[in-house]
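For the record, the sequence lines run as chains A and B.
If you read the first sequence in the working numbering, its first letter stands for residue 1333, the second for the next number, and so on.
If you read the second sequence in the working numbering, its first letter stands for residue 1333, the second for the next number, and so on.
Heads up, the beta-carbon is just placed ideally off N, CA and C, and yes, glycines get one too.
Number of protein chains: 2
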Amino acid sequence: MPMAASGRVSRRALLLGLWSLAAMPAPVFVGGLRAQNVLLPSWNEGPAKEAVVAFVRAITDRASPNYMRPEDRIATFDQDGTLWVEHPVYTQAMFALDRVRVLAPQHPEWKHKQPFKAVIAGDYRAMAKFGEADWAAIVGATHAGITIEQFLNIARQWLETARDPRWKRLYTELVYQPMLEVLEYLRANGFQTYIVSGGGQEFIRAYAQRVYGILPEQVIGSSIATKYQLTDGKPVLMRLPKVFFIDDHDGKPVGINLFIGKRPLAAFGNSDGDREMLEWTGAGDGVRLKMLVYHDDAAREYAYGPAGGLSDTKVGTFSRSLMAEAKDRGWTVISMKTDWKRIFAWE
Amino acid sequence: MPMAASGRVSRRALLLGLWSLAAMPAPVFVGGLRAQNVLLPSWNEGPAKEAVVAFVRAITDRASPNYMRPEDRIATFDQDGTLWVEHPVYTQAMFALDRVRVLAPQHPEWKHKQPFKAVIAGDYRAMAKFGEADWAAIVGATHAGITIEQFLNIARQWLETARDPRWKRLYTELVYQPMLEVLEYLRANGFQTYIVSGGGQEFIRAYAQRVYGILPEQVIGSSIATKYQLTDGKPVLMRLPKVFFIDDHDGKPVGINLFIGKRPLAAFGNSDGDREMLEWTGAGDGVRLKMLVYHDDAAREYAYGPAGGLSDTKVGTFSRSLMAEAKDRGWTVISMKTDWKRIFAWE
Chain A
1333 MPMAASGRVS RRALLLGLWS LAAMPAPVFV GGLRAQNVLL PSWNEGPAKE AVVAFVRAIT
1393 DRASPNYMRP EDRIATFDQD GTLWVEHPVY TQAMFALDRV RVLAPQHPEW KHKQPFKAVI
1453 AGDYRAMAKF GEADWAAIVG ATHAGITIEQ FLNIARQWLE TARDPRWKRL YTELVYQPML
1513 EVLEYLRANG FQTYIVSGGG QEFIRAYAQR VYGILPEQVI GSSIATKYQL TDGKPVLMRL
1573 PKVFFIDDHD GKPVGINLFI GKRPLAAFGN SDGDREMLEW TGAGDGVRLK MLVYHDDAAR
1633 EYAYGPAGGL SDTKVGTFSR SLMAEAKDRG WTVISMKTDW KRIFAWE
Chain B
1333 MPMAASGRVS RRALLLGLWS LAAMPAPVFV GGLRAQNVLL PSWNEGPAKE AVVAFVRAIT
1393 DRASPNYMRP EDRIATFDQD GTLWVEHPVY TQAMFALDRV RVLAPQHPEW KHKQPFKAVI
1453 AGDYRAMAKF GEADWAAIVG ATHAGITIEQ FLNIARQWLE TARDPRWKRL YTELVYQPML
1513 EVLEYLRANG FQTYIVSGGG QEFIRAYAQR VYGILPEQVI GSSIATKYQL TDGKPVLMRL
1573 PKVFFIDDHD GKPVGINLFI GKRPLAAFGN SDGDREMLEW TGAGDGVRLK MLVYHDDAAR
1633 EYAYGPAGGL SDTKVGTFSR SLMAEAKDRG WTVISMKTDW KRIFAWE
């Protein structure tokens, strides 16, 4: 098929031309005049920043044995605790709890029925003990029974006004500036940046493009089933109260293969749920970047993990065995305290 | 987050610059000198070709009320019967049957056990009566119990040598030249082209990039479950004999939302299995292209459908009700006989 072949080659050449421009020595321009020519300006000099820069140079240098074509430059990022704050509890959980309160007037029976009763009464002691069945009931009541378009609108409206309990900021302001810079730096060097999150895929899609510059088709997450149906003759996709895919732990490499069909060159996580994604990434040939964000800065954000004050946290657990595996396999652990000059853009 | 915002804007501007070049009046160059300046050269002039060209112009013309940004230019293509030949039986079914014969020596019990016995004996009368359970057993024995990498290698090796019963050509040569031209034309105008097939996602990934210029992450298909495990300390994704997702009929819009998270602007199919994809596409705002390839050319390919000789076919059924819906909703039916000047590149 000479037509298709030549068409592909010219398209590829076009792309390569573009990437080679983007990959030229001139660094990414960020912020105002002051920040020009500074690579990853919110990172302190040190092994973590060096690991990122050395990796990108190896992959994009045509003379390097580790050079990879742009189409193979895949980088995957966990979200909660890796790209934005996850404590004291996942943002999506806050959304679900708020949504229960909004819907409560339509469900008078919830006043006498757990887990809704505890949420409506603001009984945090009871909420802290919620198990899988409680959360399934809450997700079913708040995330399903509506179309995908309705859900996206509800999530977007909530994100426009809801504020976190500590800084009183919009949740979408609680993204880590150093990680935004890594996303930009990788994309400027021809990488495709994917979110690979245990959180809800459609919830993340509600803001990922605006907040991270990540398109809907590059958001991989957990999902509930959807059903195609005609409502008043109009096709809709209805969200069902039924788990479809859990994109966490061993589900992350499964999800990566399902959605991308390529092994990442770089993977970023922060907890035990990211272990298999980093293993899968690291088992590929050539140079691979495997990084874990370590929450050790109680003053500027939170400290939890083997050496932190909240080492028994169920939200973003960084176990001693994960730290041991990171050392053993040569994964880079990013210390928020020492590697990040700035954590949030508004600091 | 001014950094992220400005970074995104400049990246977007870069992309827009590229697309605007690609979308300039100069048409796609195809083939040798002779074909230059001819848009979609394997198409005869007529309403089908006109529909494609008018659609692309409306979407890419910045002065048009139907102008869409490149990131929203999504086009989805069924594969079997839309991009390549599906008769007398799906290529993947031929692969599975061949694979049973290859594996038979390792399974002496198959000689006495259906459905394998019929396949090994070449009993086509029995094979024609295979039901869902028979095919599930065959897929389980031939597509599972191996890693994704092993499966891709096996599929690729088979495609390098297996030949179809009618033309004695490689299956990858049985792609429709007019559709390759549409894929190229759309991509040259900033579209992302996805395969959305009822066939196996990983099987299609074995050749989609080489044959159609479609990357693994843009192949949506049916899939079996995979399991992440460590084999001799090495992480692998093992394919399990268990259905995960059926990307056919109402599964097509579900799969499109799951993998892309956007509604297509254009959708191409050829059978009842594509009905919901075209409905979903057509229910979006503005100009949408909805096309069905109609197999009415027994001399150059096959004729099956309401007016064809094989109207009761189970492979690529084009029912009378689909034809009625196409008329009712204004979908464009492509006649292979009258709209396509050439069907295969090697003609």
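Collapsing the DSSP output to three states places A/Asp1628 in a strand. Around the Cβ of A/Ser1653, a 10 Å sphere holds fewer than 16 other Cβ atoms; the residue is exposed. Selection B/Ser1667, B/Arg1674, B/Glu1679, B/Phe1676 evaluated against B/Pro1379 yields B/Ser1667 as nearest (Cα-Cα).
The beta strand (DSSP E) runs of length 3 or more contained entirely in the region 1430-1514 of chain B do not exist; there are none.
Assigned with DSSP and collapsed to three states, B/Tyr1517 falls in helix. The beta strand (DSSP E) runs lying completely inside the region 1542-1602 of chain A and spanning 3 residues or more are 1551-1563, 1566-1577, 1598-1601, given in chain order. Any Cβ of chain A closer than 8 Å to the Cβ of B/Glu1657 would place that residue at the interface, and such an atom is absent. A/Asp1582 has a beta carbon lying within less than 8 Å of a beta carbon in chain B.
At least one C-beta of chain A is nearer than 8 Å to the C-beta of B/Tyr1560. In the DSSP assignment, B/Ala1407 falls within the unbroken beta strand (DSSP E) covering 1406-1409. Boundaries of the alpha helix (DSSP H) harbouring B/Thr1392: 1379-1392, taken from the DSSP string. Spatial neighbours of A/Gln1533 in its own chain (CB-CB distance under 7 Å, excluding positions within 5 residues in sequence) are listed in chain order as Val1551, Ile1552, Gly1553, Ser1554, Ser1555.
In this structure, A/Trp1663 lies near A/Leu1610, with their beta-carbon atoms less than 8 Å apart. Excluding sequence positions up to five before and after A/Leu1415, its CB lies within less than 7 Å of the CB of Phe1409, Val1507, Tyr1508, Met1511, Tyr1544, all in the same chain and listed in chain order.
Only Arg1537, Gly1545, Leu1547, Pro1548 from the region 1533-1548 of chain B bring a Cβ to less than 7 Å from some Cβ of chain A. When the five nearest sequence neighbours on each side are left out, the beta carbons in the same chain lying within less than 7 Å of the beta carbon of B/Asp1393 are those of Tyr1399, in order along the chain. Residues of the region 1385-1418 of chain A that bring their beta carbon within less than 7 Å of a beta carbon in chain B comprise Glu1403, in sequence order. Beta-bridge partners of B/Val1665 (DSSP): B/Leu1624.
When Cβ-Cβ separations below 8 Å define contact, A/Leu1590 makes contact with chain B. The beta carbon of B/Arg1607 sits closer than 8 Å to those of His1581, Gly1601, Leu1654, Glu1657, all from its chain and outside the five residues before and after it, given in chain order. For a Cβ distance threshold of 8 Å, residue set Pro1585, Glu1608, Glu1611, Trp1612, Ala1615 of chain A lies close to B/Pro1567, ordered along the chain. Between A/Ile1406 and A/Gln1524 the beta-carbon gap is near 6 Å, inside 8 Å, which marks them as a contact. Linking A/Glu1633 to A/Ser1603 through their CA atoms gives a straight-line distance of about 16 Å. A distance below 6 Å between beta-carbons, with the five flanking residues on each side excluded, links A/Lys1559 to the following residues of its chain, in chain order: Met1570, Leu1572. At least one C-beta of chain B is nearer than 8 Å to the C-beta of A/Ser1555. For A/Val1568, the CB contacts under 7 Å within the same chain, skipping 5 residues up- and downstream, are Thr1479, Gln1561 in chain order. From the beta-carbon of A/Ile1480, the residues of chain B found nearer than 9 Å are Asn1589, Gly1593.
Assigned with DSSP and collapsed to three states, A/Gly1614 falls in helix. For A/Ile1536, the enclosing alpha helix (DSSP H) covers residues 1533-1537. Bridge partners of B/Thr1525 according to DSSP: B/Ala1407. Proximity of A/Val1370 to chain B, defined by a Cβ-Cβ separation below 8 Å, is not satisfied. In this structure, B/Asp1629 and B/Lys1669 form a Cβ contact; the two beta carbons are roughly 4 Å apart against a cut-off of 8 Å. Take the alpha-carbon of B/Leu1621 and the one of B/Trp1499: they are about 32 Å apart. For A/Val1575, the nearest beta carbon of chain B is not closer than 8 Å to its own beta carbon. Short of 8 Å from the beta carbon of A/Val1619, and not among the five residues preceding or following it, lie these beta carbons of its own chain, in chain order: Phe1387, Ala1390, Ile1391, Asn1398, Leu1597.
Taking 8 Å as the cut-off, the Cβ atoms of A/Pro1447 and A/Asp1466 count as close.
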